[in-house]
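Please read the structure below before turning to the comments.
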Amino acid sequence: MDRYSGLVWHIARGHRLGDADASDVAQTVWLRLVESLPRLREPAAVGGWLATTARNESLRLLRRAGREVVEADLGLESTPADDSYSPEVVVEAGERRELVRRALDDLSPRCRTLLRALAFSPDDSYADISAALDMPVGSIGPTRGRCLDRLRQGLRADAPHLLGE
Amino acid sequence: MSDTDLNPADRRLLAEVRNVLTEVDPVPDTVLNSARAALTWLTIDAELAALAEDSALETAGTRSAGLTRSVTFESDAGLLSFEVSEDGDVRQIVGQADRPADLTVRHNGDPITAATDELGRFRIDGVLAGPVSLHCVFRDTPGNPIVTSWIVL
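In order, the protein sequences belong to chains X and W.
FYI, the numbering for the first sequence is 1 to 165, going by my numbering.
FYI, the numbering for the second sequence is 1001 to 1153, going by my numbering.
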């Protein structure tokens, strides 16, 4: 479970859930996994299962709270960043972290969630998690490549050195 | 989708994302502990009852104190419906099993036991907000209990 704890947490956070809601999602996902263990036919696919369940539970909590989630479900457009991090954290974190954090926050909910999840995917589950979250939109192509490009574009203006270019 | 279409630059970028998020938004210890504790909640003797209806997903109303939510769980072995009212971090559950049963609520506090009346009706106070699951032993079929899938109340 330790291998996947970051994955579940960051999918919930990618949906902009606060500490309490994200904790509820994470705990529920682990409890669901335990209750589903007898029926999971392929243990190797657990990464994809966790990613799908974490996303669904995050969306459920957003719906329950009456928040609009159409964009989180389908969209690729970005939303204004919120102030979900305390000023103290930002100051301590330093410029490099702040730049990456801001570039992530400027992404659409879907890109943000996907990249957060992939950043915390164990290597052997990467393909499953990618498949679980990365649904092609129309004929545009895989979301992942577009999301990585958008993050890169966001960073390029302020922090090209982070891209190794 | 395979791992091989990630180029080295993509890998570096994702590694950077991981490093930054590990610092600015680490997984709380409470979440790690609850993940490990989840294993102790495994119930192997009961049939899983899936969530069949949840009014919270049908209405887009904002959450507020006093709002009542109704949910239904069903399995081949039995049916369980209840309404949830909120008061801060405490939930009250009022509901009905399809026949008389003895219930145990699993939540973030100590388990709560309750018995239905002869019509299957029950009321449970003091359920804590967060993941909740009900274990239900029907009196006519005690050897075939059900347990509801976890849901955040």
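Using N, Cα and C, we set each Cβ at its ideal position, and we do this for glycine too.
Nearest-angstrom Cα separation, counted from glutamate 1047 (chain W) out to serine 1070 (chain W): 22 Å
Alpha carbon of aspartate 105 (chain X) to alpha carbon of alanine 1038 (chain W), nearest angstrom: 31 Å
Alpha helix (DSSP H) runs contained entirely in the stretch 87–121 of chain X, provided each spans 4 or more residues: 87–105 and 109–119
Below-8 Å beta-carbon distance, alanine 72 (chain X) vs any chain W residue: Note that alanine 72 (chain X) has pLDDT 41, beneath the 50 cutoff, so the model's placement of it is unreliable and the number below is only indicative. Cβ-Cβ to chain W under 8 Å: no for alanine 72 (chain X).
Beta carbon of glycine 1095 (chain W) nearer than 8 Å to that of serine 1085 (chain W): no
For proline 1131 (chain W), the residue or residues it bridges with in DSSP: W:Val1152
Three-pair Cβ contact test at 8 Å for the stretch 1120–1128 of chain W versus the stretch 1014–1024 of chain W: no
Residues bridged to threonine 1104 (chain W) (per DSSP): W:Thr1113 and W:His1135
Interface flag, alanine 119 (chain X) vs chain W, CB-CB below 8 Å: yes
Selection from X:Ala44, X:Arg63 and X:Leu33 that minimises the alpha carbon distance to threonine 53 (chain X): X:Leu33
Within 8 Å, strictly: CB atoms of arginine 101 (chain X) and valine 1027 (chain W): no
Bounding residues of the alpha helix (DSSP H) (the contiguous stretch that carries valine 1017 (chain W)): 1008–1024
Within-8 Å CB hit, arginine 1091 (chain W) to chain X: no
For glycine 1143 (chain W), the nearest candidate out of W:Leu1119, W:Val1090, W:Asp1102 and W:Thr1116 (CA to CA): W:Asp1102
Opening and closing residue of the beta strand (DSSP E) in which alanine 1052 (chain W) lies: 1047–1054
Alpha helix (DSSP H) runs wholly inside the stretch 2–47 of chain X, at least 4 long, in chain order: 2–14 and 19–36
Glutamate 1118 (chain W) - DSSP class collapsed to helix/strand/coil: coil
Spatial neighbours of alanine 1077 (chain W) in its chain, beta-carbon cut-off 6 Å, leaving aside the 5 residues before and after: Glu1047, Asn1144 and Ile1146
Burial state of threonine 28 (chain X), where buried means 16 or more other Cβ atoms lie within 10 Å: buried
Partners in chain W for alanine 10 (chain X), counting only beta-carbon separations shorter than 7 Å: As written in the sequence, residue 10 (chain X) is histidine, which differs from the alanine given in the question. Per Cβ cutoff of 7 Å: Leu1021.
Beta bridge counterpart(s) of glutamine 1096 (chain W) as assigned by DSSP: W:Ser1081 and W:Arg1121
Proximity of phenylalanine 1073 (chain W) and alanine 1056 (chain W) at Cβ, strictly below 8 Å: no
Helix, strand or coil at valine 1027 (chain W) [DSSP, three-state]: coil
Residues near aspartate 1117 (chain W) in its chain [Cβ-Cβ closer than 8 Å; skip 5 each side]: Pro1100
Rounded Cβ spacing between aspartate 128 (chain X) and glycine 47 (chain X) (contact assumed at less than 8 Å): 5 Å
Glycine 18 (chain X) versus leucine 40 (chain X): straight-line alpha-carbon distance, rounded: 30 Å
Spatial neighbours of aspartate 123 (chain X) in its chain, beta-carbon cut-off 7 Å, leaving aside the 5 residues before and after: none
CB contact flag (isoleucine 11 (chain X), alanine 103 (chain X), <8 Å): no
Option in W:Ala1097, W:Leu1153, W:Val1152 and W:Asp1010 with minimal Cα separation from arginine 1139 (chain W): W:Ala1097
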